[in-house]
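If you read the sequence shown in this note's numbering, its first letter stands for residue 60, the second for the next number, and so on.
Glycine is no exception: its CB is placed at the ideal position from the N, C-alpha and C atoms.
First comes the structure, then the notes that go with it.
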Amino acid sequence: MILGLKKYLREKKLKLSAEKSKVIVFRNDGGKWSKRNWWWGNDKIEEVKSINYLGYIMKSNNDDEEHIKERVRRARMAMGWAWSFGERKFKDDIRWRWKLFDSIVKGIMMYGVEVGIQRKGENRTIARGIW
Numbered sequence: 060m061i062l063g064l065k066k067y068l069r070e071k072k073l074k075l076s077a078e079k080s081k082v083i084v085f086r087n088d089g090g091k092w093s094k095r096n097w098w099w100g101n102d103k104i105e106e107v108k109s110i111n112y113l114g115y116i117m118k119s120n121n122d123d124e125e126h127i128k129e130r131v132r133r134a135r136m137a138m139g140w141a142w143s144f145g146e147r148k149f150k151d152d153i154r155w156r157w158k159l160f161d162s163i164v165k166g167i168m169m170y171g172v173e174v175g176i177q178r179k180g181e182n183r184t185i186a187r188g189i190w
């Protein structure tokens with residue numbers, strides 16, 4: 060895999076920064092995690108258990124629990140803000156408060172959920188169970 064990357068970088072005339080790069084190895088068997096040594100020339104590349112890519116937390120054992128916890132934490136913060144703002148702005152109209160709540164909190168909560176649903180069917184019920 061690293062040889063293919065070297066060839067690609069050479070063709071595109073790009074350089075890899077080994078001190079900024081990290082490696083994650085995905086495994087399906089759920090076996091014990093053991094750290095391996097990855098080298099780029101004379102520089103060692105760090106292997107990590109999880110990585111945050113575009114707001115989606117990926118773990119080496121394909122577990123989505125950490126990502127779901129982070130989404131719930133952010134949604135709770137947004138829920139507190141949206142509901143208090145709605146109470147001040149739309150005191151008499153509960154319909155507008157619910158629209159504000161739905162548009163803000165559900166958007167934050169459901170970010171990245173499509174990836175988890177495609178990978179594991181049980182995430183669909185987890186996402187529904189939070190509401």
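Margin query: Just list the residues that DSSP pairs V82 with in beta bridges.
Written below: Numbered from 1 along the sequence shown, position 23 holds the residue referred to as residue 82. DSSP lists E106 as partners of V82.
Check: Quick check: the segment 67-85 against the segment 104-122, are there 3 or more CB pairs under 8 angstroms?
Finding: yes
Check: G24: buried (16+ other C-beta within 10 angstroms of its C-beta) or exposed?
Finding: In the structure displayed, the chain extends from 60 to 190; residue 24 sits before or after that span and is not available.
Notebook entry, point to check: What residues are listed by DSSP as bridge partners for K118?
Noted result: Translated into positions along the sequence shown, residue 118 becomes position 59. K118 is bridged to S109.
Note to self: Please report the straight-line C-alpha distance between N120 and H126, rounded to a whole angstrom.
What the structure shows: Along the sequence shown, read from residue 1 onward, the residue named residue 120 stands at position 61. Along the sequence shown, read from residue 1 onward, the residue named residue 126 stands at position 67. Looking at the two C-alpha atoms, the distance is approximately 13 angstroms.
Margin query: Quick check on the DSSP output: the alpha helix (DSSP H) that includes W155 runs from which residue to which?
Written below: Translated into positions along the sequence shown, residue 155 becomes position 96. Unbroken alpha helix (DSSP H) run through W155: I153 to F160.
Note to self: Tell me the DSSP secondary structure of W140 in three-state form.
What the structure shows: Taking the sequence shown and counting its residues from 1, the one referred to as residue 140 is at position 81. If DSSP states are grouped into helix, strand and coil, W140 belongs with the helices.
Checklist line | Expected contact under 8 angstroms - CB spacing of A141 and L113 to nearest Å | finding: Stepping through the sequence shown from its first residue, residue 141 is reached at position 82. Stepping through the sequence shown from its first residue, residue 113 is reached at position 54. That pair is no contact at about 24 angstroms.
Notebook entry, point to check: Between Y170 and E129, what straight-line distance do the alpha-carbon atoms span, to the nearest angstrom?
Noted result: By 1-based counting over the sequence shown, the position of residue 170 is 111. By 1-based counting over the sequence shown, the position of residue 129 is 70. Distance between the alpha carbons of Y170 and E129 is about 11 angstroms.
Note to self: According to DSSP, W98 sits in a beta bridge with which residue or residues?
What the structure shows: Position 39 of the sequence shown holds residue 98. Per DSSP, K103.
Note to self: Distance check for K148 and E78, CA to CA, integer angstroms please.
What the structure shows: Counting from one through the sequence shown, the residue named residue 78 turns up at place 19. Counting from one through the sequence shown, the residue named residue 148 turns up at place 89. When rounded, the distance between both Cα atoms is 49 angstroms.
Item checked: Where the alpha helix (DSSP H) through K65 begins and ends -> Residue mapping note: residue 65 aligns to position 6 of the sequence shown, counting from 1. I61 to K71 is the span of the alpha helix (DSSP H), which, as asked, contains K65.
Next item on the list: Quick one: using the 10 Å Cβ neighbour count with 16 as the cut-off for buried, is M168 buried or exposed?
Entry: Mapped onto the sequence shown, residue 168 falls at position 109. Classification for M168: buried.
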